[in-house]
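Below is one structure, written out as structure tokens; the observations come after it.
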DNA sequence: AGGCAGGTTCTTA
DNA sequence: TAAGAACCTGCC
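Residue numbers (our numbering): 5 to 277.
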């Protein structure tokens, strides 16, 4: 079905933004997103038009929300003053089209636990191995290979340490195992955590083995879609040190500091420091 | 071949 | 309480 999108929406930038690991380009102008038990192909038609591989109903019920199309990112960018903050303005112009996807807290938790001290291709490779090992086939039709769902807590918890190690998790294998056990057993209820305050949520996340402040902030921003969370990784710290020695204007951009973080991250990674 | 990559935990003072 | 080292693995 054909969809027209007026707001900021750039599939390549979203795929490269580092927030998602199962949203990739298949070939020029064709992207594939995998979420829950669903798989979506999006073809760029130009002029803000796209061909979605799903039904109207599935779009309305799921993908519209996943792509966060009820929020206007142009308005959020509009909060940036070119004169007051020229660097962020340049970053936002460069990153125009990035959106914060509404991804699953469980998948994000495991993904960002895996992400520590890994580069993006390595993160993606580990996650795909996990999906093939413990996920279900959700799409066989594709010319771009079988597509597997992300493992459920139950399936992931059932994997042996040897199987986990086979997914190139390295020392993170024990973190993934423990997180899976915690969620599967019910000791950790990620769904109920959405009702917690920001500080309570952070506190809960930090109790998890293998989750520190950076991973917790990624979970809060990408898993719980709280757009004010501001994950600080090596790239962001580099930007803050070199470009914001007097401090970043967090108060000014609240409650959208996480969106600003994405622009800064994307811009700095592109070598525009 | 040695260092480093979207950090966190463990150990030491 | 706060630095510093150790940690898997893959890729320059």
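Think of the CB as a built atom: it goes at the ideal place given N, C-alpha and C, for glycine as much as any other residue.
Quick caveat, the model's predicted, so the values are computed rather than measured.
query: Around the C-beta of residue 29, are 16 or more other C-beta atoms found within 10 angstroms, so that it is buried, or is it exposed?; result: exposed
query: With distance defined between alpha-carbon atoms, name the residue in 255, 41 and 233 nearest to residue 140.; result: 41
query: Report back the beta-carbon spacing between residue 159 and residue 118 to the nearest angstrom; my notes put them in contact at under 8 Å.; result: Contact flag wrong, Cβ pair sits at about 16 Å.
query: Suppose contacts are defined by Cβ-Cβ distances below 8 Å. Is residue 44 in contact with residue 36 by that definition?; result: yes
query: For residue 264, count neighbouring C-beta atoms within 10 Å of its own C-beta (all shown protein chains included) and say buried if the count is 16 or more, exposed if not.; result: buried
query: Out of 228, 268, 222 and 220, state which residue places its alpha-carbon closest to the alpha-carbon of residue 243.; result: 268
query: Tell me which residues share the same chain as residue 145 and place their Cβ nearer than 6 Å to its Cβ, disregarding the 5 neighbours each side in the sequence.; result: none
query: Are the CB atoms of residue 80 and residue 21 within a distance shorter than 8 Å?; result: no
query: Since residue 247 is in the beta strand (DSSP E), which residue starts that stretch and which ends it?; result: Here residue 247 belongs to no beta strand (DSSP E); instead the alpha helix (DSSP H) covers 238 to 247.
query: Ignore the nearest five residues each way along the sequence and tell me which others in residue 186's own chain have a CB closer than 6 Å to its CB.; result: 192
query: Can you say whether residue 106 is buried or exposed, counting buried as having 16 or more other CB atoms within 10 angstroms of its CB?; result: buried
query: Run through DSSP, which three-state label would residue 43 get?; result: strand
query: In terms of DSSP beta bridges, what is residue 7 paired with?; result: 54
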